[in-house]
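*Asks:*
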Amino acid sequence: MEVVAVIDFETTGLSPAQGDRATEIAAVLLENGKIVDRYQSLMNAGVRIPSFIEGLTGISNAMIRQAPSAADVMREVTDFVGDIPLVAHNASFDCKFWDAELQRINRTRRQEFACSLLLSRRLLPHAPSHKLGALVEFANLPVAGRAHRALADAEMAASLLSHLAEELRRKFGIGQVTHELLRKIQGVPKAKVEQALAKHQQSQ
DNA sequence: TGCCAGGCCCTCTTTAGGGCCTT
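Counted the way the numbering used here counts, the first sequence spans residues 1 to 204.
1. How would you call threonine 11, buried or exposed, if buried means at least 16 neighbouring beta carbons within 10 angstroms?
2. Looking only at its chain, what residues have a beta carbon closer than 7 angstroms to the beta carbon of phenylalanine 97, apart from the 5 residues adjacent to it on each side?
3. For alanine 127, does the three-state DSSP call read helix, strand or coil?
4. What are the boundary residues of the beta strand (DSSP E) that includes alanine 40?
5. Please go through the same chain and pick out, in chain order, the residues whose beta-carbon is closer than 6 angstroms to the beta-carbon of histidine 89, but skip the five residues on each side of it.
6. Shortest alpha-carbon distance to glycine 46 belongs to which of Val36, Ala70, Arg122 and Glu24?
7. Nearest-angstrom Cα distance between alanine 198 and leucine 161?
8. Measuring CB atoms only, is the stretch 103-122 touching the stretch 76-94, in the sense that at least three cross pairs come out at less than 8 angstroms?
9. Take the Cβ of aspartate 94 as the centre, count every other Cβ of all protein chains shown within 10 Å, and call the residue buried at 16 or more, exposed below.
10. Report the three-state DSSP secondary structure of aspartate 83 (helix, strand or coil).
11. With a CB to CB cut of under 6 angstroms and the five nearest residues on each side skipped, what residues in its chain are close to glycine 187?
12. DSSP on valine 188, reduced to helix/strand/coil?
13. At the level of alpha carbons, what is the spacing between valine 77 and histidine 200?
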């Protein structure tokens, strides 16, 4: 598969529109099923992390106070990924925060997101749950570290994406898995995925 | 004061409701 950047945010809550901010970001570059580069940083957005979120992520207000500014980190991470297409687990969430944090530094997103959650629902329909941790367990993938920390979750999402690409090769005979194809698959209604993939394979 | 995300996806659906997923 072409190189993609799998990203994961930790945040103070669920919605930038409600004032929530990013507290940590990780991006891993995945090329031909292997992680070839990594970026990870805590970030200080100058807002308080609710105690529930401190417990969930292990990221404390004390840790954030010593972290570089959110603006500096977002400049670094956007420079790190450049124009490489993005992937996230439940990408609608990470895309909201990516766009909101970029807007604060007067930058705009340069690429589309693909979503490993939408892809898993289509390609692993029998998984008991489509939470990232549950999918990692279901597919016997390595646990990268503490769940709800950005780098561990980004690495596990990258492993999941490699597994999904392998499923596409093994079950549907698709040799060249591209970000564009992933975007296409995630937009097909679940009931029509096999039909769409068979048609795609015939066109190759 | 009271409210508080939003998109996907299923179903006892489409003039709707509720669970899943992200923090």
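Beta carbons are placed, not taken as given, at the ideal position from N, Cα and C, and that holds for glycine.
*Replies:* From the atom records:
1. Along the first sequence, read from residue 1 onward, the residue named residue 11 stands at position 11. So threonine 11 ends up on the buried side.
2. Here residue 97 corresponds to residue number 97 of the first sequence, with the count starting at 1. In the same chain as phenylalanine 97, and ignoring 5 residues on each side of it, the C-beta atoms closer than 7 angstroms to its own belong to Phe9, Thr11, Pro16 and Ala22, in chain order.
3. On the first sequence, residue 127 is found 127 positions in, with the first residue counted as 1. Coil, per DSSP.
4. Along the first sequence, read from residue 1 onward, the residue named residue 40 stands at position 40. The sequence given here has glutamine at residue 40, not alanine. Residues 34-42.
5. Stepping through the first sequence from its first residue, residue 89 is reached at position 89. Once the five neighbours on either side are set aside, the close Cβ partners of histidine 89 are Ser116, Leu117, Leu132 and Ala157.
6. Numbered from 1 along the first sequence, position 46 holds the residue referred to as residue 46. It is Ala70.
7. Here residue 198 corresponds to residue number 198 of the first sequence, with the count starting at 1. Here residue 161 corresponds to residue number 161 of the first sequence, with the count starting at 1. Taking the straight line from one Cα to the other gives about 20 angstroms.
8. Taking 8 angstroms as the limit for Cβ pairs, the verdict is that the stretch 76-94 does touch the stretch 103-122.
9. Residue mapping note: residue 94 aligns to position 94 of the first sequence, counting from 1. Counting of Cβ neighbours within 10 angstroms places aspartate 94 among the buried residues, the total reaching 16 or more.
10. Within the first sequence, numbered from 1, the residue matching residue 83 stands at position 83. Of the three classes helix, strand and coil, the one that applies to aspartate 83 here is coil, per DSSP.
11. Here residue 187 corresponds to residue number 187 of the first sequence, with the count starting at 1. So no residue of the chain qualifies.
12. The sequence position of residue 188 within the first sequence is 188, counting from 1. DSSP places valine 188 in coil when its eight states are reduced to three.
13. Along the first sequence, read from residue 1 onward, the residue named residue 77 stands at position 77. Along the first sequence, read from residue 1 onward, the residue named residue 200 stands at position 200. Going from the Cα of valine 77 to the Cα of histidine 200 covers about 34 angstroms.
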